[in-house]
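Q:
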Amino acid sequence: MKRIILSFVAIFATIFAYAQTTLSVNLKNADGENLTNIEVNLTTKGFNKSTPTNSLGIANFSDLTTGTYVLKVRPSINYNANSVTVSINSNEKTKAINLVLTRKNGYELQEVAVVDNKNKSVTINKTDASVIQYVSKAQIQTLPIEGRDVTKSLYRLPNITISSLGYNEAPSIAINGLSGIYTNYLIDGMDNNERFLGNSKFNTPFGFTESVSVLTNNYSVEYGNTSNGIVNLETRSGSNDFTGEVFYLTRPGSIVDSKSAFASLDLYGNQVKDGFQRQQLGVGIGGAIKKDKTFFYFNLEQTNDIKDNLLNVPQLGVNEAVRGKNYFTYASAKIDQYWNKNFHSSLRANVGSFDVDAQGGGLTGGNNFPSSGSTQKNRTYLIALKNDYNINSKLKAETNFQTSFFRWNYRDRPNFGKPGVTVQDPTGVTIANIGSIDYIFDDDEYTNQLQQKFRYKAGKHYLLGGAEFTTSDFALLGAGNSYGFYTVRLNAQQLADLKSRNIGAALDINDIPTNVEVRQYKVDLDQKVFGVRQNVFNIYAEDNFKATDKLDINLGVRYDYDNLSKAGDTHGDRNNIGPRFSFNYKLDDNNVIRGGIGRFYDKIKYSVTSDNLQFSNNSPNFKKQLAELQRLGLLDKDADLDRITYPGNLRAIFEQGATPAYLQGKSASESQGNRDFQSNSNFRIKNPNGYQNPYSDQYTLGYQRKLANNILFDVSLVASNTNDLYRITNLNTPPAFDPQQSGSVRTTTYANSIRPVPIKTVNGQFVATIGGQDLSGIARDVYMTETSGKARYAAANFSMTKTKGEGEKFSYRFSYTLSKIKNDTEGINVRAQDANNWDAEYAFGDNDRTHVINALFTYYPIKNLTLTPAMLFQSGQPITHYAIATQYGGVTDLNGNGESQGLPADIPFGETRNNDRLPSATSFDFSAKYRWNLKNKSGIEFSADIYNLLNSTNLTGFASTRASSNQIQPGPRSANTLIIRAAAPPRQFQFGVRYVFGNF
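See the structure below:
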């Protein structure tokens, strides 16, 4: 490996090129701020060249002859278009001009000014107090980013950290300490949310990304549908120049990576280990269909993963590798049409396909045979039409429409249509899972979005007004196996015979002897598709006005309504009025103070509604149980029991004594008589009082100082108080457990007997005692989602940024964040450990880090070579301690309520949630890129990325589900022991080669 690295360094160090620039165009806005990554076109007779502005806002043109040139800048998402004439005289070896563009979002007129100026500077925010982090395509290009996944760069920004995952595929970044499901994901300002849980719908690859803006605090009323932050990706457009790229990228895997005892993750959040490899190919092409009028850009990227699991069952003599594959395909296209100087349209399409194998086996060994394997198959498309136009010299407008689709088929099964089986050895130990799994989740989501915006200039006032309507129709097939699922136990002879047949990994349900003992049989009673429509309406207005030459004031208000907020009520949450205010005071040209306050409302997560349908029941006996809870004052006495219940998915379960012969169980239709009398550990109901939309009150105060033309110092103090977060209350929970009065353990039988509606177990099924009658078809726990959770985030951010100046060799960005997040709920399915005691749940959040330091340094030793080391330091994340069974007589359910809320066991007396810390983590990454220029503005780029350069073993600060992380530990805090079950990925390598042509 050392030879490979040294070879790359040798290549980079031995190539040198030189070029001369004769014209430098510095694009600025009306406040004198540099504009990056905007394409500038220069033409004259026999000459046509386009180039984007760099990180300093400079576009360079070389080898120009004497004459008159036309300089054009087309409109972008933020700025208007215009053109000017530039004269090159014979005695000018170099020429520099400033070109001032007017902003669309500043509501300014189409005006342009050209001034000879060689100044190069960093940008100060002189208009508002929004905390927005902007990452350009050029900046992304220098970073060590895994798999061209743009989101892998965002954790290097203030107020953003790598997130603990609520589920494998969850968003991997946390903004303001909250789970990524509370982030609003946009493409070109339009919806890109998988609206069931809240991840991004289409993972825009680097090749189609022009820039990324992350809005973390106090942003404009134009943006919303979240109580937290926003990630907006601006896509690429074509130009008069024919440009593009063809690339190959590989992560060779174990042949070069360092060894680790722990699993890492693929790009979709699933664990992988030895045998993992990634290969990526892609192409991007852009140009003009009709010069100066119609432009296109097309991007196609394909990622293929190879991963091996181990199938290891000694009882059957099986020890085999099971190979799986992942396929990710992203196709994007965009057409820009400039009808005239007052009217621009763009049509964008994104199509994605992702297949992730769950092939059987396990990372270090498992007993899931390939016949029980499945593949997560996701399909998506987004088609957006955007139109921006000038109504007159003062009034501008946008009319945008998008239609999209997302299918989340979580477990597509090759053995669909037949039963599944769990096989036990004679001692009751599970040795095989075969056949079709007992789980279906297949969700279709169709979404349409309409936006209308107006911008108007009236003297010193720049007015913004708009409305947005988003409607989504959901259809979920969520169920168990309607062909039945068996749990069987082999006797010694049957096990020996099965082993002697040496079937290996091909074991399936027909290989099990027909006279095997059936311990349990269950069948899903109602495999149906269900869903409702979600309608979200927003309207907003804002005034950005200059109170004085130094003071800018922003006043805005936004109203949001989501029909899903009505839940089991007759109407929804109608009072979501969010005012926002900010100021920006310019002390002088180099110093600015800014601050603001605002209220930000979120939409309702569809999964909350869906779960209340899928996991509900409307049997007569369950309604009797609810009526009893009403009588006891635990459920609203005015609740309509028909409105708050639903005939959800239910399995008929046949225990020993009633089990059928193997593969002879009753069908779903034959078992319908069990529906009204089948109990469950829990059923859900809709909240009869509806939901309040989660909201945050955000506060910011900041200071920016330009230390030099290309050095900026920034301080931002932020606070975000989030309320009405989701959590689940149990209406039939046992009373609070006090171990000092009751002893260290309360039995489940006793806890069930003292529930508001007493519960007992008869023939393996829960039975409720109501009015002296024993009733089945009920639930031990009655769950209801309430919006009463809270989170409190505060942070101080300090950053220093230096751009690469003329003739300089380096640039950098250093940032330090001091922060704290406390909450009483982390997601949508959180329940209190004991008796709905939410005060005891309020603690440091799972994503809390006290200190985060990010350092990024880019060195340009010779032309076309960039070397970028990056450092990330993070304080340790919190730890929750759970009970060890041996210390409590073999019991882990200490309060007897039958669950441990996402932990292996209850939190013991004397401990609280997240009351300990993991050690801090430091990692270094490195990226090297060299471009070998060829003829006709083309070149070949070689890249090498090294992650975790020093091969550090970090126990915190990496993406992982909480259950598989080090954030849960057995035993009391005082034991001071740490069981390591996971670590950040070891040193890993990524190599690439890319052919680029035109002004790419």
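Here the sequence shown stands for residues -19 to -1, 1 to 981, where the numbers follow mature numbering (1 follows the signal peptide of the UniProt record, and there is no 0).
Quick reminder that beta carbons are idealized off the backbone N, C-alpha and C, glycines included.
Report the option in Thr729, Pro900, Gln475 whose CA atom is closest to the CA atom of Val497.
A: For this step, residue 497 is matched to residue 516 along the sequence shown. Cα-wise, what sits closest to Val497 is Gln475.
Q: Once DSSP output is grouped into helix, strand and coil, what is the label at Glu379?
A: If you number the sequence shown from 1, residue 379 lands on position 398. Correct three-state label for Glu379: strand.
Q: Please report the straight-line C-alpha distance between Asp541 and Gly671, rounded to a whole angstrom.
A: Indexing the sequence shown from 1 puts residue 541 at position 560. Indexing the sequence shown from 1 puts residue 671 at position 690. So the alpha carbons of these two residues sit roughly 16 Å apart.
Q: Measure the alpha-carbon distance for Gly895 versus Ser662 and round it to whole angstroms.
A: Looking up residue 895 in the sequence shown gives position 914. Looking up residue 662 in the sequence shown gives position 681. The sequence given here places Asn at residue 895; Gly does not occur at that position. The straight-line gap from Cα to Cα measures roughly 27 Å.
Q: Rounded to whole angstroms, how far is the Cβ of Ile888 from the Cβ of Gln814, which I believe are closer than 8 Å?
A: Along the sequence shown, one-based indexing puts residue 888 at 907. Along the sequence shown, one-based indexing puts residue 814 at 833. Contact flag correct, Cβ pair sits at about 5 Å.
Q: In the DSSP assignment, what residue or residues form a beta bridge with Phe324?
A: Position 343 of the sequence shown, counting from 1, holds the residue named residue 324. Answer by DSSP bridge pairing, in chain order: Asn321, Tyr370.
Q: Between residue 982 and Tyr464, which are expected to be in contact by the criterion C-beta below 8 Å, what is the C-beta distance as a whole number of angstroms?
A: In the structure as shown, the chain begins at -19 and stops at 981. Residue 982 is therefore absent and cannot be evaluated.
Q: For residue 993 and Glu215, which I take to be in contact (beta-carbon distance under 8 Å), what is that distance rounded to the nearest angstrom?
A: Nothing about residue 993 can be reported from this structure: the residues present for the chain run from -19 to 981 only.
Q: Measuring straight from C-alpha to C-alpha, what distance separates Lys101 and Asn280?
A: In the sequence shown, residue 101 corresponds to position 120, counting from 1. In the sequence shown, residue 280 corresponds to position 299, counting from 1. Residue confidence is low: Lys101 scores 40 on pLDDT, short of 50, so the model does not pin down where it sits. Its coordinate-derived value is still stated next. Rounded to whole angstroms, Lys101 to Asn280 spans 33 Å at the Cα level.
Q: What separation, rounded to the nearest whole angstrom, lies between the Cα atoms of Asn157 and Asp829?
A: Along the sequence shown, read from residue 1 onward, the residue named residue 157 stands at position 176. Along the sequence shown, read from residue 1 onward, the residue named residue 829 stands at position 848. About 9 Å.
Q: Whole angstroms is fine: what's the gap from Arg539's alpha carbon to Ile154's?
A: Looking up residue 539 in the sequence shown gives position 558. Looking up residue 154 in the sequence shown gives position 173. Roughly 26 Å separates the two Cα atoms.
Q: Can you name, in chain order, every residue of its own chain whose Cβ lies under 7 Å from the Cβ of residue 1004, other than the five neighbours on each side?
A: With the chain running from -19 to 981 in the structure shown, residue 1004 is simply not present.
Q: Mapping DSSP to helix, strand and coil, what is Ala244?
A: Here residue 244 refers to the residue found at position 263 when the sequence shown is read from its first residue. Looking at Ala244 - three-state DSSP - the assignment turns out to be coil, as it is neither helix nor strand.
Q: Taking only runs of the alpha helix (DSSP H) that begin and end inside the stretch 263 to 348, which ones reach a length of at least 4 residues, in chain order?
A: Listed in chain order, there is nothing to give.
Q: Go ahead and pull the three-state DSSP assignment for Asn932.
A: Indexing the sequence shown from 1 puts residue 932 at position 951. Three-state result, Asn932: coil.
Q: Could you tell me the distance, in whole angstroms, from the CA atom of Gly857 to the CA atom of Ile949?
A: By 1-based counting over the sequence shown, the position of residue 857 is 876. By 1-based counting over the sequence shown, the position of residue 949 is 968. Rounded to whole angstroms, Gly857 to Ile949 spans 13 Å at the Cα level.
Q: Can you tell me whether DSSP reads Ser652 as helix, strand or coil?
A: For the purposes of this step, residue 652 is taken as residue 671 along the sequence shown, with counting starting at 1. In this structure, Ser652 counts as helix in the three-state DSSP scheme.
Q: Between the beta-carbon of Val699 and the beta-carbon of Thr142, is there less than 8 Å?
A: Mapped onto the sequence shown, residue 699 falls at position 718. Mapped onto the sequence shown, residue 142 falls at position 161. Taking 8 Å as the Cβ cut-off, Val699 and Thr142 do not qualify as a contacting pair.
Q: Could you give the first and the last residue of the continuous beta strand (DSSP E) run that contains Pro601?
A: The residue you call residue 601 lines up with position 620 of the sequence shown. Careful: Pro601 lies outside any beta strand (DSSP E), inside the alpha helix (DSSP H) at 601 to 612.
Q: Let me know if Thr197 comes out buried or exposed under the rule of 16 or more other beta-carbons within 10 Å of its beta-carbon.
A: Position 216 of the sequence shown holds residue 197. So Thr197 counts as buried.
Q: Mind checking whether Phe350 and Gly343 have CB atoms under 8 Å apart?
A: By one-based count along the sequence shown, residue 350 stands at place 369. By one-based count along the sequence shown, residue 343 stands at place 362. For Phe350 and Gly343, no; Cβs fall outside 8 Å.
Q: Does the beta-carbon of Tyr50 have 16 or more other beta-carbons within 10 angstroms, so that it is buried, or is it exposed?
A: In the sequence shown, residue 50 corresponds to position 69, counting from 1. So Tyr50 ends up on the buried side.
Q: Pairs of beta-carbons, one from the stretch 733 to 747 and one from the stretch 784 to 793, closer than 8 Å: are there three or more?
A: The stretch 733 to 747 is not in contact with the stretch 784 to 793.
Q: Report the residue from Asn184, Ile266, Pro669 whose alpha carbon sits nearest the alpha carbon of Gln611.
A: Residue 611 sits at position 630 when you count from the first residue of the sequence shown. That would be Pro669, whose Cα lies nearest to the Cα of Gln611.
Q: Based on the DSSP secondary-structure assignment, which residues constitute the bridge partners of His442?
A: Taking the sequence shown and counting its residues from 1, the one referred to as residue 442 is at position 461. DSSP lists Ala439, Phe526 as partners of His442.
Q: Rounded C-beta distance between Lys133 and Asn18? I'm assuming under 8 Å.
A: As a working mapping, residue 133 is identified with position 152 in the sequence shown. As a working mapping, residue 18 is identified with position 37 in the sequence shown. Incorrect: roughly 20 Å between the Cβ atoms, too far for contact.
Q: Would you list the residues sitting across from Gln515 in a DSSP beta bridge?
A: On the sequence shown, residue 515 is found 534 positions in, with the first residue counted as 1. Ser453, per the DSSP bridge assignment.
Q: Checking 8 Å against the spacing of the C-beta atoms, do Ser652 and Leu506 come in under that value?
A: Locating residue 652 in the sequence shown gives position 671, counting from the first residue. Locating residue 506 in the sequence shown gives position 525, counting from the first residue. Result yes, Cβ atoms of Ser652 and Leu506 sit closer than 8 Å.
Q: Would you kindly report the start and end of the unbroken alpha helix (DSSP H) that includes Val589?
A: To locate residue 589, count along the sequence shown from 1; it is residue 608. First-last of the alpha helix (DSSP H) with Val589: 587 to 595.
Q: Nearest-angstrom Cα distance between Pro720 and Leu875?
A: As a first step, residue 720 is located in the sequence shown; it is residue number 739 there, counting from the start. As a first step, residue 875 is located in the sequence shown; it is residue number 894 there, counting from the start. Each residue's alpha carbon lies about 9 Å from the other.
Q: For Phe603 and Ala760, which I take to be in contact (beta-carbon distance under 8 Å), what is that distance rounded to the nearest angstrom?
A: Translated into positions along the sequence shown, residue 603 becomes position 622. Translated into positions along the sequence shown, residue 760 becomes position 779. Correct: roughly 7 Å between the Cβ atoms.
Q: Taking Asn980 and Asp222 to be in contact with their CB atoms under 8 Å, please state how far apart those CB atoms are, rounded to whole angstroms.
A: As a position in the sequence shown, residue 980 is number 999, starting the count at 1. As a position in the sequence shown, residue 222 is number 241, starting the count at 1. Indeed, because the Cβ distance is near 5 Å, the residues count as touching under 8 Å.
Q: Would you grab the beta carbon distance between Leu479 and Ser352 for me? Rounded to a whole angstrom, and I think it's under 8 Å.
A: By one-based count along the sequence shown, residue 479 stands at place 498. By one-based count along the sequence shown, residue 352 stands at place 371. Contact flag wrong, Cβ pair sits at about 14 Å.
Q: Under 8 Å Cβ to Cβ from Arg(-17), same chain only, skipping five residues before and after it: list those, please.
A: As a first step, residue -17 must be located in the sequence shown, where it is residue number 3. In this prediction, Arg(-17) has a pLDDT of 42, which is less than 50 and means its spatial position is unreliable; what the coordinates show is noted afterwards. Excluding positions up to five away in sequence, the list is empty.
Q: Is Tyr443 near Asn572, with beta carbons less than 8 Å apart?
A: Your numbering for residue 443 matches position 462 in the sequence shown. Your numbering for residue 572 matches position 591 in the sequence shown. The answer is no: Cβ separation not under 8 Å.
Q: In this structure, how does DSSP classify Tyr420 when only helix, strand and coil are distinguished?
A: Mapped onto the sequence shown, residue 420 falls at position 439. Looking at Tyr420 - three-state DSSP - the assignment turns out to be coil, as it is neither helix nor strand.
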